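Participant: So the sequences go chain by chain: A and B.
First residue of the first sequence? That's 1 in the numbering used here, and the numbers climb one at a time after it.
First residue of the second sequence? That's 539 in the numbering used here, and the numbers climb one at a time after it.
Note that the Cβ used here is the ideal one computed from N, Cα and C, for glycine as well.
Being a predicted model, the structure only gives us computed values, none of them experimental.
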Amino acid sequence: MIKNQTIKVVIIIAVLIFALFGIFGIPQSFTPSGLLAALQQRIHLGLDLKGGTHLILQVQVNDAINADTDRAVERLKDDLKAKNISYAEIVKPDPQQHPDVVIINGVSPQSIADFRSLVSDRLPDYDLTSGANNSFTVTMKPSIVKDTKAKAQQQAIETIRNRIDQLGVSEPVIQEHGLGDYQILVQLPGVDDPARVKEIMQSTAMLEIRQALGGPYTSEQEAMQANGGILPPNAVLMKGKNIGATGQQNADQYWVISRASAVSGSDLRTADAGRDENGRPDVKFTLTGEGGRRFAAFTGAHVGERLAVVLDNKVMEVATIQEQIHDEGRITGAFTEQQTQDLSLTLRSGALPAGIKYLEERTVGPSLGADSIRAGIRAAIFGMVAVMVFMLFYYKFAGINADLGLFLNLVILLGFLGFTSATLTLPGIAGVILTIGMGVDSNVLIFERIREELRHGKTPPQAVDQGFKHAWITIVDTHVTTIVSAIILFLFGTGPVRGFAVTLSFGLLANLFTSVFVSRVIFDSILSRHQRGEALSI
Amino acid sequence: MELFRNTNIDFLGKKWYFLAFSLVFSVAGLLSIFFWHGIPFGVDFKGGTLVYVKFAETPDLNQIRSAMDRAGLKDPKIQRYGEAGNNEVLVALEQRETSESALDQGKNTIIKALETSGPQQEGKLDLNNTGPSSLQQYLLSKDPLHLGGIDAPAKYLVIAQQIDDFRNKQHGGVLQSVSDLKGVVPAEVLEVMQGDFYTSNFAVRNVEIVGPQVGGQLRKQALWATLYSLAGMLVYLWFRFELIYGVGAVVACFHDTIITIGFFSLLNKDITLTVIAAILTLIGYSMNDTIVVYDRIRENIKLLRRENLADVVNKSINQTLSRTILTSGLTFLTVLSLYVFGGEVLRGFSLALVIGILIGTYSSIAVAAPMLVAYQEWRAQKTGRAALPAASAPREKVKAKA
């Protein structure tokens, strides 16, 4: 019995040390400030406590599909031309809703067989169906559509992560947000100006080099008039951005730009800020092998015509193609040094394969987070002291037992948090406080039962034994139900709510140990020193 | 010390009072939900823009309101927030003012309106509303320390963060003038900043903007989470007791949920994500209380085979009453402490817990337990046989444990 008891005490002390290690690790020094520093290293605070920016954004995956189909249309046109297959037109009937559909009208009847073999040969990712009047519909295969969308999201996450990394934010979170389709969660602790963050992420939006078909025009009307009131089917109207030209506010410019891009951001290998021969800031870039080949083909076919550097659907620059360019290029303009640095950073981290839309934005100022921590700790201390005092008052000696258990419960809970590097949020602190209230429930259940057994005339050892035995089933049931709701909270919740579910579950698990095991050991050691027939202080 | 010793209250005899009490509260809540305030979803669920602003001195709400009017914002909600000494104001915009394409448009309009209504200086930046990364960018472009090199961004970031820290920790977010920074930043930095910055009389402390898509998503999610939670409990109790116990407990929890949401509707308090978390916790808590009573009923049915179910249930409630009141009281104490001291951010959350713990305790005594008896009586009437306590007899494996 005594030996058994010793083993149990050793177990309790081991758990206590283990938990303390979880909370503090091995601190540099044992002064209060040293312990606090160690604590801050082990327990991670959520965004709501330390302040920061929280964004949920959605990748406009249809952009990526559109980019693919646009490229397919261009390839098809070139191939049809090369094979002398005539057709009336190639259109995308609904780029917004069905970016994966391309229709080819009026294919000449005698070349239909050639056309079919060409499509199956050159566009393996597409399905071909025929319609009335020699028209054909080319649709991207559903599995490819799914793949392309998933890839677009993945690439967007990577791109944003690269950019944020270069900002030097510590412990950023950039991950898929499971709540909706193609959503990304971005959390940046300590950054409380989301406008700047968005500027950096937004400017990563799509970079492309396209053909400039006409412009510049001073207004939309002028652009339309110059093209006879209707734009060519393969062209779009874009605003030109007068970047550079610092200080003076130039009037907007409009350009007619080809719908398809020659190269896009994903074809880019490197980009660096530098200076041109006249000492003006510029950006030099090189392309990947595949991108370089496409760029060479494009520039070779359009010598003397103009190309446009399009960033985020704005024309950044238009230049005349002097000669065929292979895999190196340069973006020049009236840039400031800061702008070329920003632009090269944008290009380096790879442009986003698709546009992004912001769905949610939250900013917590650091002073608010600090206030929340203070309020949370104050509430925890008040709650804990009230409960402890009551237990002492109501259960006398056994109250000390409960209070010890409660204290140990908290230490183990914090130890859990330290070990799992779970995040402590404001609702998480509330979970800790709630654990104090709920944790003491098990003690009350057991103590009340012991009292009842004593009233029935049992001896103290019998009463303690019966009390624990009877309360055990109930305690398991009550813990299971609460943990079930906490798990559901964890599965459905986001950030702060998850923190709550985590502390509540950990707290209740720790409570099983303290209120049943530890409390029993204390009772037993008291009883072993008891004289026969002496009353139990409960 | 003991508060409840050998109580012998006839709880089941009061079931009509209980029913009336529950009905009054549920119906009042439901009426409010359907005909008055509706379910007052917070920004998390219905979308919209919330901007929490801290002012240097006591804010004049009328002045703020007219500034918002001038900026063309349609009836924004403007109210004091938190403790009076904090000089904080919450400006809230409805969903329709939150543009789909530019999510932060509403926020920007609010800040602009506040800047133009305060002491403004043309062409200068507002130091109180410039975050660390913008400060870093500014310092990089001015380069007052002539660093020039590769490590300039890192060095200026440190200075920007020092300014931000100083502003937030020493001055609660609002600086009185740019020269407050004396001694905090190098003199050269202060010198260029004095030329380019001014201090407005407010700082934005906290912003929440939720687009319509996310709101709808979360509403659906919260509903499912609540239903799954109830279903999970039902299955667990079914497994541990009998189906009717599960049904009784779930009805009690549903009752608690309706009344808690009804309370929020009556008070027109926002139901946010954390309030839903509180409600889910309450489902667990109320279930917890109910189980304690049920466990005792199960035990007593075995011990007191000849008594009728109503007496057994009464006895069980009385036997566990001391525990029920004590633990609810203690949990209530901690939750009350959270409500009083836990700060403004958690106010809704702790309010839900305060209401829910009272109702949850009540429901396990007044709803869940009597439902067992009511079911028994209904069964007896239907089948024409006498009440059968054995119908809810404990399972074999529990018998073996006890």
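Once DSSP output is grouped into helix, strand and coil, what is the label at Val107 of chain A?
Facilitator: Note: Val107 of chain A maps to coil in three-state DSSP.
Participant: Would you report the Cα separation of Leu782 of chain B and Asp181 of chain A, rounded to the nearest angstrom?
Facilitator: Here residue 782 of chain B is Ile; the residue named in the question, Leu, does not match the sequence. Spanning the two alpha carbons is a distance of roughly 40 Å.
Participant: By the 9 Å beta-carbon criterion, what residues does the segment 876-889 of chain B contribute toward chain A?
Facilitator: So the close ones are Leu876, Tyr877, Val878, Phe879, Gly880, Gly881, Glu882, Val883, Leu884, Phe887, Ser888.
Participant: Which residue comes first and which comes last in the alpha helix (DSSP H) that contains Trp472 of chain A?
Facilitator: 460-492 is the span of the alpha helix (DSSP H), which, as asked, contains Trp472 of chain A.
Participant: What residues in the segment 471-483 of chain A bring their beta carbon closer than 7 Å to a beta carbon of chain B?
Facilitator: Residues Ile473, Thr474, Asp477, Thr478, Val480, Thr481, Thr482.
Participant: Span of the beta strand (DSSP E) holding Ser264 of chain A?
Facilitator: Unbroken beta strand (DSSP E) run through Ser264 of chain A: 253-264.
Participant: Can you find at least 3 beta carbon pairs, one from the segment 368-385 of chain A and one from the segment 35-52 of chain A, that sit closer than 8 Å?
Facilitator: Yes: at least three Cβ pairs fall under 8 Å.
Participant: Could you give the DSSP three-state label for Gln187 of chain A: helix, strand or coil?
Facilitator: Gln187 of chain A falls in the strand class under three-state DSSP.
Participant: Quick one: grab the DSSP three-state call for Asn133 of chain A.
Facilitator: It is coil, neither helix nor strand.
Participant: Have a look at His470 of chain A and Phe549 of chain B and give me their C-alpha separation to the nearest angstrom.
Facilitator: Their Cα atoms are separated by approximately 24 Å.
Participant: If you check the beta carbons only, do Asn666 of chain B and Phe559 of chain B fall under 9 Å apart?
Facilitator: Contact flag unset, no.
Participant: Distance cutoff 9 Å, beta carbons only. Does Lys458 of chain A sit that close to anything in chain E?
Facilitator: The structure shown has no chain E; the protein chains it does contain are A and B.
Participant: For a test of the three-state rule: what should DSSP assign to Ile65 of chain A, helix, strand or coil?
Facilitator: Ile65 of chain A: helix per DSSP, three-state reduction.
Participant: Short of 8 Å Cβ to Cβ, which residues in the segment 721-746 of chain B face chain A?
Facilitator: Here the close residues are Ala741, Val742, Arg743, Asn744, Val745, Glu746.
Participant: Taking 8 Å as the threshold, find out whether the segment 444-459 of chain A comes into contact with the segment 61-79 of chain A through three or more Cβ pairs.
Facilitator: Verdict: no, contact absent.
Participant: Could you pull the DSSP bridge partners for Val138 of chain A from this structure?
Facilitator: Val138 of chain A pairs with A:Val102, A:Leu128.
Participant: Nearest to Ala262 of chain A by alpha carbon, out of A:Val440, A:Asp327, A:Val484, A:Glu220?
Facilitator: Of the listed residues, the one whose Cα sits closest to Ala262 of chain A is A:Asp327.
Participant: Quick one: measure Cβ to Cβ for Thr482 of chain A and Val432 of chain A, integer angstroms, because I've assumed they're closer than 8 Å.
Facilitator: In fact, because the Cβ distance is near 14 Å, the residues do not count as touching under 8 Å.
Participant: Mind listing the chain A neighbours of Ala815 of chain B? Cutoff is C-beta to C-beta under 7 Å, in chain order.
Facilitator: Neighbours of Ala815 of chain B on chain A, chain order: Pro427, Leu489, Gly493, Val497, Phe500.
Participant: What would DSSP say about Ala354 of chain A, mapped onto helix, strand or coil?
Facilitator: Correct three-state label for Ala354 of chain A: coil.
Participant: Can you tell me whether Asn4 of chain A is helix, strand or coil according to DSSP?
Facilitator: Helix, per DSSP.
Participant: Assign Arg374 of chain A to one of three DSSP states: helix, strand, or coil.
Facilitator: Of the three classes helix, strand and coil, the one that applies to Arg374 of chain A here is helix, per DSSP.
Participant: Terminal residues of the continuous beta strand (DSSP E) containing Leu588 of chain B?
Facilitator: Here the beta strand (DSSP E) through Leu588 of chain B covers 586-593.
Participant: Counting only C-beta atoms, is Gln249 of chain A closer than 9 Å to chain B at any point?
Facilitator: Bear in mind that the predicted position of Gln249 of chain A carries a pLDDT of just 45, short of 50, making it unreliable; the figure below should be weighed with that in mind. No, its Cβ sits nowhere closer than 9 Å to a Cβ of chain B.
Participant: Identify each residue in the segment 387-415 of chain A for which the Cβ-Cβ distance to at least one residue of chain B is less than 7 Å, and report them in chain order.
Facilitator: So the list reads Val387, Phe390, Phe393, Tyr394, given in the order they occur along the chain.
Participant: Report back the beta-carbon spacing between Lys645 of chain B and Val745 of chain B to the nearest angstrom; my notes put them in contact at under 8 Å.
Facilitator: Confirmed, about 6 Å.
Participant: Please confirm whether Phe506 of chain A has its beta-carbon closer than 9 Å to some beta-carbon of chain B.
Facilitator: No - not a single Cβ of chain B is within 9 Å of the one on Phe506 of chain A.
Participant: On the premise that Pro233 of chain A lies in contact with Glu89 of chain A, defined as a C-beta separation below 8 Å, what is that separation, rounded to the nearest angstrom?
Facilitator: Rounded, the Cβ-Cβ distance is 7 Å, consistent with contact.
Participant: Could you check whether Ile56 of chain A and Ile209 of chain A sit closer than 9 Å to each other, using their CB atoms as the reference points?
Facilitator: No.
Participant: Closest by CA to Ala379 of chain A, which one among A:Val364, A:Leu408, A:Ala430?
Facilitator: Minimum Cα distance to Ala379 of chain A is reached at A:Ala430.
Participant: So, is the C-beta of Met384 of chain A closer than 9 Å to a C-beta in chain B?
Facilitator: Closer than 9 Å: yes.
Participant: Name the residues in the segment 829-856 of chain B whose C-beta lies less than 9 Å from a C-beta of chain A; which are they?
Facilitator: Those would be Ile829, Val830, Tyr832, Asp833, Arg834, Glu837, in chain order.
Participant: Compare the C-beta of Ile821 of chain B with all C-beta atoms of chain A and state if any pair is closer than 9 Å.
Facilitator: Yes, Ile821 of chain B lies at the interface with chain A (some Cβ there is under 9 Å from its Cβ).
Participant: Considering only DSSP beta bridges, list what Pro281 of chain A is partnered with.
Facilitator: A:Arg275.
Participant: Is there a Cβ of chain A sitting closer than 9 Å to that of Gln633 of chain B, yes or no?
Facilitator: No, because no Cβ of chain A sits closer than 9 Å to the Cβ of Gln633 of chain B.
Participant: Taking its Cβ as the centre, do 16 or more other Cβ atoms sit within 10 Å of Leu36 of chain A, making it buried, or is it exposed?
Facilitator: With fewer than 16 other Cβ atoms within 10 Å, it is exposed.
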